[in-house]
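Participant: Pasting a structure here, questions to come.
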Amino acid sequence: MGWEIAKSILLLLAGLGAMMFGMQVLSDSLTKVSGKKLRVALSKLTSNRFKGILIGGTVSAVIHSSAATTVMVVGLVNSGILTLFQAASVIMGANIGTTVTGLMLSLQSLPITEIFAALAFIGIAMLLVSKKPIIKVIAYILIGFGLLFVGMNVMSVSMKNIIASAPQIRDLFWKIKNPFLLLLLGALLTAVMQSSTTMTAILIVLSTSGLIGLESAVYVVLGMNLGTCATSLIASIGANTNSVRAAVFHLTFNLIGTVLFFSALFITPLRSWLINSVLFGKDTSKIAYSIAIFHAIFNLTTTTILLPFVTMIVKFVSKIVPEKKAKDEDDQLRLRYIDERFLVASSIAVGECKREIAYMAERAFKNFSLSIDSIINVDLSAKENFEKREVKIDFLNKEITKYLVKLSSTSISDEDEQVIATYYHVITDLERVGDYAENIMEYAQRLQEEESRFSPSAIEELKELFNCISNLYLSSVQAFNAQDLNALMQAEIYEENVDAIKEKLSAAHIERLEKNECTVENGAIFLSLLNDLERIADHLFNMAKSIKEYTQGIVVQTDSVIVK
């Protein structure tokens, strides 16, 4: 008897593992195939709360996790992409979207496990016969879907075996009737598992095995909606004020809904009507559907009731979570856009990496501009800010690289993998821009120590070259951010102009040296400066040129472009 129970417990754990792995594979595959659309949808979100609910619901339904969606929302708020009000509507939609997964899991009660198992086999066969990216994605979706339901079936069978071998276990479960205890149990288990989807699957298995009745299950479902908030609260630790507010909004919203439903269930006629009329309380064979439907009713009703009060709830949350004192952004050694939270949706993470790299480019060019001002005016008053920003640039270089390594190990599409490969080179180029800016600042310091400066004609030449590099920077950033081919062609022309101007300035400077219009010491600094400026232009152009690696059908013909 003891060995039979032990075997059943091992099968139960194996089934749970297969189910969780299947859910992860399914979620990763669906995210990979739809990631770009999700990224575009979230980035174009407006203040329209209904659109936010729709997008939040769609994202959760696609990736089968409201927790993952809310974690992404916290990250998007932290990077400034979403406002708190926008995040609120997405979170409400995420609550609704996750009910789709519950409804899908309730299909487990149908006697079609063989069909689900066959899906996994078909997926494996597809992987063996084809290496095409789209076929691989479809194959993994089938494998994930199959493993999910096969795992649930194994759990159900093993649970029934355990009950048959030890009926006292069933008696123990049935003794738990206290609504507060059931709600707490659902909240704690969901918080520990960090997944309401997994908890829903377990609850369905428990109910179909006869371990828990529908009246008890509804209280567990209420607790699950509180427990899932733990994920977003944990994700908000260390984030900015609005991110914490988004997580607290999630908790407040779900808490209000839970209190309303929990109180309503204490009204006997109302509870009886819900269990027996709205749900399938009298038909125990449909308990899985009842649990899924109740989960949907809870989230739809809560959203409908609280939607008119969203602004009020947002204001309340803003009061209980006070604003942190603002700091100089270069004083804060933190990433601005990318976030560990985005790793659950790799396509979104790739998009945020682009934003972070563009931000690094901005900081590097800011230091370059400051160094040019310093050498033209022989003024080192801004050197402290320069050094502070250089530390920030080095920090960004290291942290973005680490993040790209982590991102590469997730489930990413072949196209995103190609994009990430170019990002490593771009951040190296930007780091070099920062290094050359340091060289220029050192030249300025030498001029100050020698109480010298460049001639007026040399300064005018430097300004001309700097203006051309500035235009190159703007075109390169535009090309990089928007995969803009016209901007890439423009950047190439500016880069060629920089080379031409540099040669012209070198020749002019040699003439000044021959005419004794410039000292030898200043001449050496000027020529070194020209070389550094040319290299800065090369590195900035590399940023624009990187898009050629992943932009299809690119043709660069600079002859037809005229620069005025």
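Quick note on our numbering: the sequence shown kicks off at 1 and runs consecutively.
Even for Gly, the Cβ is constructed at its ideal location relative to N, Cα and C.
Computed from a predicted model, the values in this text were never measured in an experiment.
(1) Using only the alpha-carbon positions, how far apart do F116 and M152 sit?
(2) Whose C-beta lies closer than 8 Å to the C-beta of S318 among residues of the same chain, with five residues either side of it excluded?
(3) Just mark K398 as buried or exposed, buried being the case when its beta carbon has 16 or more other beta carbons within 10 Å.
(4) Return helix, strand or coil for L119, following the three-state DSSP convention.
(5) Report all residues from its chain with a CB closer than 6 Å to the CB of Y403; omit the five preceding and five following residues, and keep chain order.
(6) Going straight from the alpha carbon of S413 to that of L300, what length do you get?
(7) From the DSSP output, in three-state form, read off V378 for me.
(8) Measuring CB atoms only, is the region 538 to 550 touching the region 490 to 509, in the sense that at least three cross pairs come out at less than 8 Å?
(9) Excluding five sequence neighbours on each side, which residues of the same chain lie with their C-beta closer than 7 Å to the C-beta of I547?
(10) For L12, is the classification buried or exposed, using 16 other Cβ atoms within 10 angstroms of its Cβ as the cut-off for buried?
(11) With a Cβ-Cβ cutoff of 8 Å, do M72 and I348 count as a contact?
(12) Given a cut-off of 8 Å, decide if I440 and N381 are closer than it, judged by their beta-carbon atoms.
(13) Roughly how far, in whole angstroms, is the beta-carbon of A191 from the beta-carbon of A230, given that I think they are within contact range, below 8 Å?
(14) Does the distance from the CB of L573 to the CB of V350 come in under 8 Å?
(15) Only counting runs of 3 or more residues, tell me where the beta strand (DSSP E) segments fall wholly within the region 46 to 99, in order along the chain.
(16) Are Q93 and G56 touching if we call contact CB-CB under 8 Å?
(17) Under three-state DSSP, which class holds Q557?
(18) Any beta carbon of chain D sitting closer than 8 Å to that of T401?
(19) Can you tell me which of A120, P322, R446 puts its alpha carbon nearest to the alpha carbon of S528?
(20) If you follow the alpha helix (DSSP H) that K402 is part of, which residue opens it and which one closes it?
(21) On the CB-based measure, 16 or more other CB atoms within 10 Å of its CB, does T428 come out buried or exposed?
(22) Are I320 and V426 close, meaning C-beta to C-beta below 8 Å?
(23) Using a threshold of 8 Å, state whether the C-beta atoms of I291 and A187 are closer than that.
Facilitator: The answer reads as follows:
(1) Straight through space, the alpha carbons of M152 and F116 are spaced by roughly 11 Å.
(2) Once the five neighbours on either side are set aside, the close Cβ partners of S318 are L84, R245.
(3) Exposed.
(4) Secondary structure at L119: helix, using DSSP grouped into helix, strand and coil.
(5) Around Y403: I338.
(6) So the alpha carbons of these two residues sit roughly 34 Å apart.
(7) Residue state for V378 is assigned as coil, using DSSP reduced to three classes.
(8) In short, these stretches touch, since the Cβ pair count reaches three.
(9) If we look at I547 and ignore the five residues flanking it on each side, its Cβ neighbours are A479, F480, Q483, L488.
(10) Taking a 10 Å sphere around the C-beta of L12, we find 16 or more other C-beta atoms and assign the residue as buried.
(11) When the beta-carbon positions are compared, M72 and I348 come within less than 8 Å of each other.
(12) As written in the sequence, residue 381 is Ser, which differs from the Asn given in the question. No, these two residues do not count as a Cβ contact at 8 Å.
(13) With 8 Å as the limit, A191 and A230 qualify as a contact, their Cβ atoms being about 4 Å apart.
(14) Residue 573 lies beyond the residue range present for the chain, which begins at 1 and ends at 564; the question has no answer from this structure.
(15) If only complete runs of 3 or more residues are kept, the region 46 to 99 shows no beta strand (DSSP E) anywhere.
(16) A small correction: the amino acid at residue 93 is Gly; Gln does not occupy that position in the sequence shown. In this structure, G56 lies closer than 8 Å to G93 by Cβ.
(17) Any reading at Q557 must be qualified, since the residue scores a pLDDT of 40, below 50, and its modelled position is unreliable; no value is offered.
(18) Here there is only one protein chain, and chain D is not present.
(19) Nearest to S528 by alpha-carbon distance, out of A120, P322, R446, is R446.
(20) Counting along the chain, K402 sits inside the alpha helix (DSSP H) bounded by residues 383 to 408.
(21) By the neighbour-count definition (other C-beta atoms within 10 Å, threshold 16), T428 is an exposed residue.
(22) For I320 and V426, no; Cβs fall outside 8 Å.
(23) Not in contact: I291 and A187 (Cβ atoms no closer than 8 Å).
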